[in-house]
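Throughout the sequence shown, residue numbering follows our numbering, covering 636 to 696 in sequence. Don't be surprised by glycine CBs; every beta carbon is placed ideally from N, CA and C. Below is one structure, written out as structure tokens, with a few remarks after it.
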Amino acid sequence: FAVETLIRWYRAGQDVQRRLPVLSTYLGHAHVSDTYWYLTHCPELMEWAVKRLESQWEVQP
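Next up, the structure:
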């Protein structure tokens with residue numbers, strides 16, 4: 636559930652960092668950092684996170 640939700644958010648172009656606390660609370664995690672585990676243990680999520688980070692670093696003309 637958590638991985639699919641995160642992938643859906645990335646695909647939809649949503650602000651995952653901003654929504655992560657909501658998912659964390661829903662999952663019953665005491666800390667948002669507990670939810671970051673899903674990002675680091677799923678290759679597809681890591682790929683989405685890297686793409687998002689790289690796009691933020693691109694120089695806008």
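What residue does the alpha helix (DSSP H) around residue i start on, and which one ends it?
| i | result |
| --- | --- |
| residue 665 | From DSSP, residue 665 is part of no alpha helix (DSSP H); its letter is neither H nor E. |
| residue 691 | 678-692 |
| residue 637 | 637-646 |
Let me confirm a value: residue i is counted as buried when at least 16 other C-beta atoms fall within 10 Å, else exposed. Which label applies?
| i | result |
| --- | --- |
| residue 661 | exposed |
| residue 651 | buried |
If I measure Cβ to Cβ from residue i and keep anything under 8 angstroms in the same chain, skipping five residues before and after, which residues do I get?
| i | result |
| --- | --- |
| residue 637 | 658, 662, 670, 673 |
| residue 685 | none |
Are the Cβ atoms of residue i and residue j separated by less than 9 angstroms?
| i | j | result |
| --- | --- | --- |
| residue 642 | residue 680 | yes |
| residue 692 | residue 645 | no |
Skipping 5 residues on each side, what residues in its chain have a beta carbon closer than 6 angstroms to that of residue i?
| i | result |
| --- | --- |
| residue 653 | none |
| residue 677 | 638 |
By Cβ distance below 7 angstroms, which residues in the same chain neighbour residue i in space, the five residues on each side in sequence not counted?
| i | result |
| --- | --- |
| residue 656 | 667 |
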